[in-house]
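Inspection log for the structure reproduced underneath, given as structure tokens.
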Amino acid sequence: MTYLRRALACVAAVLAAASLHAGQVRVAVAANLATPMQKIVADFERATGHETVVALGSTGRFYAQMRGGAPFEVLLAADDEIPARLEREGLAIPGSRFTYAVGRLVLWSADPHGVDPQGNVLKLPPHGRLAVADPRLAPYGLAAIQTLTRLGVLDAWQASLVQGESVGQAFQLVATGNATLGLIALSQVMSDGHLIKGSAWLVPLELHFPLRQDAVQLNAGRSNPAAAALMEYLKSQAARATFRAYGYESPKP
């Protein structure tokens with residue numbers, strides 16, 4: 006056998022071994038992560054050979070499903086409260102929880118002139134509808150209501166609010182023209198450090214509670230190497246660089 010043929014045989018053997026040990030992990034992912042998660046999944050699968058089955062939705066809805074026995078193995082939440090609650094209730098592996106990113110809330114319009122750099126449009130008489138996520142289910146929705154409250158404009162906007170179950174649905178309301186403005190996740194309108202389109206105001210952190218987003222490994226994934234591998238990958242510099250490219254901040258040590 007020539008050297009080239011031996012080398013190709015070795016590569017084939019390695020790939021076959023990797024395929025033999027590759028697994029699948031079922032992941033519940035907060036809707037604000039829809040775009041960055043595509044790259045995270047692609048990079049993770051390329052690095053490990055594991056397959057990732059992703060469901061997107063509101064963190065609150067996922068929590069209800071997990072309490073009802075939904076077989077998710079990893080949760081990437083939009084807050085740190087639900088993962089901690091899952092640990093306390095014995096539905097997640099103790100000690101597996103960690104903060105993978107810190108989110109930012111943004112006021113966004115698809116109109117390039119719809120939002121001024123200071124967000125003063127919120128202090129003007131409402132014109133059109135303002136989309137937010139359901140604050141009972143989505144942490145970004147709760148942050149939106151806190152922002153309007155602390156600005157003293159919630160009462161003025163109350164009749165003009167339109168809710169999506171998740172922040173993903175709130176974004177779609179604005180993107181499709183069914184709402185003029187939206188208080189949504191920065192990651193939904195940002196790529197590679199730049200606003201994709203429209204106009205936006207980055208909501209100051211002091212106007213709402215911190216959007217610390219935690220991951221946790223659930224009991225269903227306790228003996229699944231693919232679930233453990235994904236949890237480890239989310240701590241990597243590569244994963245954190247991807248999150249930063251979409252407007253998330255890295256958690257402080």
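Our numbering numbers the first residue of the sequence shown as 6 and each following residue consecutively. A virtual CB, placed ideally from N, CA and C, is assigned to each residue, including glycine. As the structure is a computational prediction, the values presented were derived from the model and not from experiment.
*Following the continuous alpha helix (DSSP H) through Phe103, name the residue where it begins and the one where it ends.*
Not the alpha helix (DSSP H): Phe103 falls in the beta strand (DSSP E), residues Phe103 to Gly108.
*asked:* Just to confirm the assignment, what range does the alpha helix (DSSP H) spanning Asp160 have?
replied: Leu159 to Trp162
_Using the three-state DSSP reduction, which class does Ile201 fall into: helix, strand or coil?_
coil
*What are the complete beta strand (DSSP E) segments, minimum 3 residues, inside the region 210 to 242?*
216 to 222
*Select from Leu80, Gly108 and Gly74 the residue whose C-alpha is nearest the C-alpha of Gly62.*
Leu80
*Specify the secondary structure class of Leu166 as computed by DSSP and reduced to three states.*
strand
*Between the CA atoms of Phe248 and Asp84 - distance to the nearest angstrom*: Spanning the two alpha carbons is a distance of roughly 15 Å.
*Where DSSP assigns a beta bridge to Gln43, which residues make up the other side?*
Paired residues: none, contrary to the question.
_Opening and closing residue of the alpha helix (DSSP H) in which Leu178 lies_ = Val172 to Ala180
*Cα-Cα separation between Leu239 and Pro130, rounded to whole angstroms*: Whole-angstrom Cα-Cα distance: 43 Å.
*For Leu61, does the three-state DSSP call read helix, strand or coil?*
strand
*When we look at the beta-carbon of Ile45 and count the other beta-carbons within 10 Å, is it buried (16 or more) or exposed?*
Buried: at least 16 other Cβ atoms inside 10 Å.
*Quick one: what does DSSP say Gln123 is sitting in, helix, strand or coil?*
Judged by DSSP in its simplified three-state form, Gln123 adopts coil rather than helix or strand.
*Which residue from Val137, Gly100 and Leu96 puts its Cα closest to that of Leu110?*
Checking every option, the nearest Cα to that of Leu110 belongs to Val137.
*Please go through the same chain and pick out, in chain order, the residues whose beta-carbon is closer than 7 Å to the beta-carbon of Gly28, but skip the five residues on each side of it.*
Answer for Gly28: His55, Asn229, Pro230 and Ala231, listed in chain order.
*Alpha carbon to alpha carbon, how far is Thr53 from Tyr145? Give it in angstroms, no decimals.*
32 Å
*Do you know offhand how far Val126's Cα is from Ala161's?*
One C-alpha to the other measures close to 12 Å.
*Apart from the five residues just before and just after Gly198, which ones in its own chain have a Cβ nearer than 7 Å to its Cβ?*
The residues are Ala250.
_Glu94, DSSP secondary structure in three states_ = Glu94: coil per DSSP, three-state reduction.
*How do the region 90 to 106 and the region 216 to 225 stand: do at least 3 beta-carbon pairs fall below 8 Å, yes or no?*
yes
_Whether or not the region 167 to 184 and the region 71 to 78 are in contact is what I'm after, with contact meaning three or more pairs of Cβ atoms, one per stretch, closer than 8 Å; do they touch?_
With the cut-off at 8 Å, the region 71 to 78 and the region 167 to 184 do not touch.
*Val107 and Arg217 look like a contact to me (Cβ under 8 Å); what is the Cβ gap, rounded to whole Å?*
6 Å
*asked:* Short of 7 Å in beta carbon distance, which residues of its chain neighbour Met42, apart from the five on each side in sequence? Order them along the chain.
replied: Val34 and Val59
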